[in-house]
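Q: Numbers 1 to 353, taken from the working numbering, label the letters of the sequence shown in order. By construction, the Cβ of each residue, glycine as well, lies at the ideal position given by its N, Cα and C atoms.
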Amino acid sequence: MGPILALTATLAAPLRPHIVYLLADDFGWADADWHHPEGSTDPLATPHMSDLISQGIELGQHYSFKFCSPTRSSIQSGRNPIHVNVQNYQPVVWNWREPNKDPDAGFAGMARNMTGMGNVMKNAGYSTVMTGKWDVGMATPDHTPKARGYDSSLFYFHHDNDYWSSRVRVDDRVQKCPGQDAQLVDLWGDEAPASSLNNSYDLCEPKGGAAYPNAPNGSCVYEDELFVEHVLKAIQGHKEEAGPLFVFWAAHSVHAPLQVPKEFLDMYEDKVADNRRARYLAMVRWLDSALQRVTDALKAKSMWEDTLLVFTSDNGGPVYGNGGHDGQRGHSHHRLHDRDDRDKDVDGQATQI
């Protein structure tokens with residue numbers, strides 16, 4: 001896979017750069033502005049990414065698996081999905097009938113005895129940070145980002161959750177804690193619930209399929225905002241003596257549910273006829289703006305000239321309206337040949353490695 005090759009080459013270099021690895025979720029080939037087909041009526045949504053690609057390298061023959069968890073298990077283990085995980089099970093799935101038959105791999109996600117990318121980077125002298133969507137297993141303490149080598153992490157375990165309440169969606173099976181009526185809150189810091197960060201369910205979970213809550217401005221924090229703030233804090237607080245910085249930033253965006261702050265939806269709602277497509281583009285624009293904040297932080301910290309930025313997607317994007325792939329095979333969950341979904345991988349660096 002493109003990103004793994006980029007990282008391997010980096011470790012062999014005399015000067016180890018900082019690495020920011022941004023993995024988008026369900027971001028389609030044609031959702032990047034520079035891939036819009038001739039005559040496209042889609043409004044632009046990736047101005048900052050477009051600027052980065054003009055300075056970097058695009059790996060146009062990068063391919064990824066068709067589902068979330070196998071791709072992420074592959075990235076974290078450095079193995080082809082067939083050798084680590086090809087089932088997109090919810091992370092609560094395990095071999096409960098024969099729990100002693102396979103204590104290492106009898107759970108959803110990556111086997112307990114496999115070395116993680118965070119472990120490799122940490123052993124190479126990097127300070128390691130993970131934030132966003134994990135989806136590489138959660139059955140035991142060995143399945144957490146911390147056990148996989150990340151010094152600091154803020155994340156959720158499942159395929160997705162609500163962007164405003166952080167609760168697992170009913171679509172992803174009913175999962176409730178004993179004595180609780182509502183779905184599980186899936187937001188974690190290192191090895192414990194990040195209880196101080198999640199929003200109020202009653203106030204902040206959107207009602208009736210809305211994109212954002214009907215709550216006073218500023219009273220509810222978008223979950224992906226928590227993740228980008230975790231990245232920014234890692235950059236701003238990084239000390240040179242701690243070694244180079246490795247950040248694995250697995251954004252929730254642009255995976256369902258189609259939820260986004262109002263100011264971003266306002267950019268597209270009157271320009272795109274299909275409301276799902278309008279929401280999706282608004283989420284892409286939010287991600288683009290978040291990436292700009294991260295690159296600005298790297299520059300402000302004088303780290304940009306020594307940073308390798310890797311951007312890719314875990315699988316193909318959904319086809320809402322006229323979006324998604326433009327001639328590539330369709331939504332990764334809708335076609336038989338999804339393993340050939342064309343992805344994008346952008347390596348941007350200000351200096352040569």
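Identify, in the order they occur along the chain, each residue of the same chain with its Cβ nearer than 6 angstroms to the Cβ of H238, setting aside the five sequence neighbours on each side.
A: Within the same chain, H238 has close Cβ partners L245.
Q: What is the DSSP secondary structure of T312, reduced to helix, strand or coil?
A: Strand.
Q: Return helix, strand or coil for H18, following the three-state DSSP convention.
A: Three-state DSSP puts H18 in a strand.
Q: Buried or exposed: R285, going by 16 or more other Cβ atoms within 10 Å of its Cβ?
A: Label assigned to R285: buried.
Q: If you check the beta carbons only, do D224 and A290 fall under 8 angstroms apart?
A: In this structure, A290 lies closer than 8 angstroms to D224 by Cβ.
Q: Give the straight-line distance between the Cα atoms of Y163 and E240, rounded to the nearest whole angstrom.
A: Distance between the alpha carbons of Y163 and E240: 34 angstroms.
Q: Within 10 Å of its beta-carbon, does I53 have 16 or more other beta-carbons around it, so buried, or fewer, so exposed?
A: I53 should be labelled buried.
Q: Between the Cα of H252 and those of K146, K271, D33, D135, spot the shortest distance and give me the residue it belongs to.
A: Nearest C-alpha to H252: D135.
Q: Would you call the region 22-34 in contact with the region 265-274, where contact means no fewer than 3 C-beta pairs closer than 8 angstroms?
A: Verdict: no, contact absent.
Q: Within the continuous alpha helix (DSSP H) that includes F264, where are the two ends?
A: Counting along the chain, the alpha helix (DSSP H) containing F264 begins and ends at 262-265.
Q: Between the alpha carbons of Q259 and D190, how many angstroms are there, rounded?
A: Answer to the nearest angstrom: the Cα atoms are 26 angstroms apart.
Q: Compare the Cα-Cα distances from L232 to each of W249, W34, N119, E38 and report the closest residue.
A: When each option's Cα is compared against that of L232, the closest is W249.
Q: Could you check which residue in P318, G316, C68, L308 has the C-alpha nearest to that of I57?
A: The shortest C-alpha separation from I57 is found at L308.
Q: Considering Cα atoms alone, identify which of P261, D288, A256 is closest to W320.
A: Inspection of the sequence shows that residue 320 is occupied by Tyr rather than by Trp. Considering only alpha carbons, the answer is A256.
Q: Give the straight-line distance between the Cα atoms of A300 and A234, rounded to the nearest whole angstrom.
A: Roughly 13 angstroms between the two C-alpha positions.
Q: What three-state label does DSSP hand R167 in the structure shown?
A: In this structure, R167 counts as strand in the three-state DSSP scheme.
Q: Once you ignore the five residues that flank T46 on each side, which residues in its own chain have a CB closer than 6 angstroms to its CB?
A: So the qualifying residues of the chain are A32, D33, D288.
Q: Would you decide whether H83 is buried or exposed? Buried here means 16 or more other CB atoms lie within 10 Å of its CB.
A: Classification of H83: exposed, given that the 10 Å Cβ count is below 16.
Q: What does G189 pair with, by DSSP beta-bridge criteria?
A: G189 is bridged to L154, A192.
Q: Could you check how far apart the C-beta atoms of N88 and C68 are, in whole angstroms? I think they sit under 8 angstroms.
A: Indeed they touch by this definition, with Cβ atoms about 6 angstroms apart.
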